[in-house]
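Reviewing the structure listed below.
Numbering (the numbering used here), first residue to last: 2 to 190.
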């Protein structure tokens, strides 16, 4: 049985987590793929629920073993990756898998799984509005805001690789559009 994948990529602050939670509510046969990371757990996070927290050596061993479908190293040397075992587990249980990945990972996964993968990109109405949303969180330093904006600008260059691009200028409208695209895709299988 081949996996059926929905990729959701978006710049930080676009509403991706909120939309993903609603997808899980509306599509009970959709399960999340837990990513692996070398970063330390944040307050309230736990191993195996939020991420698989690995040392750099453990992560490298999984790379060497071919355990990742894709992985990426970000500024500061922190690595994130999608474990093949997560897809296998969900598929064997009869679930579709939702992946929350960066744009480069999304492009790699879309290339691997082609028509069995729906690649969705959630974009902000503008970089200015995105920056305002991030500022309103009050969780970012000026340098972090600058990095996130630069990263968002870079991510927006990849939109041509996605099956659907949804602008989140209104959460309800964006979710409705995204839900319809997902429903159409799942109805094919």
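Note that beta-carbon positions come from the ideal geometry of N, C-alpha and C, so glycine has one too.
Taking C-beta to C-beta, are residue i and residue j nearer than 8 Å?
i           : j           : result
residue 6   : residue 176 : no
residue 24  : residue 119 : no
residue 85  : residue 68  : yes
residue 16  : residue 179 : no
residue 70  : residue 83  : yes
residue 109 : residue 3   : no
residue 159 : residue 89  : no
residue 53  : residue 35  : yes
residue 18  : residue 149 : no
residue 132 : residue 146 : yes
residue 28  : residue 182 : no
residue 106 : residue 73  : yes
Evaluate residue i with the Cβ neighbour count: other Cβ atoms within 10 Å of its Cβ, from every protein chain shown; 16 or more gives buried, anything less gives exposed.
i           : result
residue 38  : buried
residue 113 : exposed
residue 31  : buried
residue 127 : exposed
residue 94  : exposed
residue 96  : buried
residue 8   : buried
residue 66  : exposed
residue 169 : buried
residue 188 : exposed
residue 50  : exposed
residue 218 : In this structure the chain extends from 2 to 190, so residue 218 is not present and cannot be described.
residue 63  : buried
Could you tell me how far apart the beta carbons of residue i and residue j are, in whole angstroms, since I believe they sit closer than 8 Å?
i           : j           : result
residue 102 : residue 11  : Not confirmed; about 10 Å, so no contact.
residue 167 : residue 135 : So it is not a contact: roughly 19 Å between Cβ atoms.
Among all the DSSP beta bridges, which residues are the ones paired with residue i?
i           : result
residue 48  : 52
residue 122 : 10, 166
residue 32  : 98
residue 69  : 84
residue 38  : 54, 81
residue 93  : Paired residues: none, contrary to the question.
residue 74  : 80
Examine the ligand FAD and report whether any of its heavy atoms sits within less than 7 Å of the Cβ of residue i.
i           : result
residue 115 : Among the components of this structure there are no ligands whatsoever, and the ligand FAD is therefore not found.
Output the boundary residues of the beta strand (DSSP E) element that contains residue i.
i          : result
residue 82 : 80 to 84
What residue range does the alpha helix (DSSP H) around residue i cover?
i           : result
residue 22  : 17 to 27
residue 112 : 104 to 114
residue 180 : 172 to 188
residue 132 : 128 to 138
residue 151 : 143 to 156
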